[in-house]
Amino acid sequence: MNDCHLSLIESDHFICESNHVWNERKNVYQIQDKKNMMKFTSNLFFLSNWEPNFHCSHARRIGKMGDGGKWVCDPYRLKSRLDCLIYSAGSKRDFSFENDMKKTMPHCEIHTFDKNLYTCPQNICIFHQITFGNGTHPNDSKTWATIIQELNHVQRKIDILKIDIEGGEYVFFPLLMQASTHSLPQQIFVEIHPNKPNKIHE
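Numbering (my numbering), first residue to last: 2 to 203.
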């Protein structure tokens with residue numbers, strides 16, 4: 002019998018693998034993480050100090066190649082999540098990620114956000130003209146806590162947050178990281194924009 006009790010608890014019920022394999026995975030993470038502790042106050046931070054420390058066994062590219070698509074960690078695991086919930090922020094009229102995710106996981110509920118008004122492809126996603134931010138910057142932006150409350154998702158697990166908000170991540174993420182553990186997305190795919198070199202390393 003495969004005892005995956007430890008991995009289930011520590012991965013928020015996402016991964017089920019033997020304690021031996023899970024402990025080895027954590028060991029790899031801890032070794033690599035020590036090498037990622039340096040701080041650079043420049044946009045060379047990710048070039049010099051960003052190495053993978055956790056690997057998914059069945060990662061899959063969802064969406065188009067290049068800008069817009071993302072590598073999703075073991076999307077097959079979402080098949081058992083009947084109330085699968087996905088957020089995609091920063092559409093710019095590119096719905097390739099949503100289209101591909103819906104083909105892969107047709108039961109998932111997908112919400113797409115952008116500061117401009119667009120229309121989701123039929124039966125693919127639900128569009129919201131909302132700007133992600135800290136509530137004051139950018140103007141008329143909303144915080145993570147406000148967004149999930151307005152959409153009545155406070156008690157639901159958000160499986161994926163895909164976010165590309167053209168530099169707005171610098172004011173959005175500090176508040177997201179202060180949110181309760183329950184409300185944090187299980188996977189986050191973010192595009193970092195190096196327009197603030199003195200902030201990117203934070």
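Backbone N, C-alpha and C define an ideal beta-carbon position, used for all residues, glycine too.
Name the residue from the options whose alpha carbon lies nearest to the alpha carbon of residue i.
i	options	result
residue 188	55, 29, 124, 33	55
residue 182	4, 8, 21, 13	13
residue 78	108, 153, 7	108
residue 180	31, 149, 168, 129	149
residue 185	162, 103, 80	162
residue 151	6, 130, 160, 168	130
residue 83	6, 159, 191	159
Excluding sequence positions up to five away, which residues of its chain have a Cβ less than 7 Å from the Cβ of residue i?
i	result
residue 76	61, 63, 105, 106
residue 15	78, 187
Would you list the one or two residues that DSSP bridges to residue i?
i	result
residue 115	130
residue 110	86
residue 73	61
residue 163	89, 190
residue 143	133
Looking at the unbroken alpha helix (DSSP H) that takes in residue i, where does it start and where does it end?
i	result
residue 82	Here residue 82 belongs to no alpha helix (DSSP H), and DSSP marks it neither H nor E.
Need the endpoints of the beta strand (DSSP E) that residue i sits in, please.
i	result
residue 188	188–191
residue 177	Where residue 177 is concerned, there is no enclosing beta strand (DSSP E), although the alpha helix (DSSP H) it sits in stretches over 170–177.
Check whether the Cβ of residue i lies closer than 7 Å to any heavy atom of the ligand ATP, and answer yes or no.
i	result
residue 54	Absence of the ligand ATP from the depicted structure is noted, as is the absence of any ligand whatsoever, leaving it without description.
Please work out which residues of its chain come closer than 6 Å, Cβ to Cβ, to residue i, disregarding the five sequence neighbours upstream and downstream, and give them in chain order.
i	result
residue 9	17
residue 72	60, 62
residue 74	57, 60, 188
residue 173	133, 134
residue 2	Per-residue confidence for residue 2 stands at a pLDDT of 47, beneath the threshold of 50, marking its modelled position as unreliable; no derived number is given.
Can you list, in chain order, the residues of its chain with a C-beta nearer than 8 Å to that of residue i? Leave out the 5 residues immediately preceding and following it.
i	result
residue 125	96, 99, 100, 103, 111
Verify the CB distance criterion: does residue i have a CB-CB separation below 8 Å to chain D?
i	result
residue 63	You won't find chain D in this structure, because it holds only one protein chain.
Check: Any chance the region 137–145 sits against the region 55–69, with 3 or more Cβ pairs inside 8 Å?
Finding: Verdict: no, contact absent.
Checklist line | Three-pair Cβ contact test at 8 Å for the region 153–162 versus the region 114–123 | finding: Under the 8 Å Cβ criterion, the region 153–162 does not count as touching the region 114–123, having fewer than three qualifying pairs.
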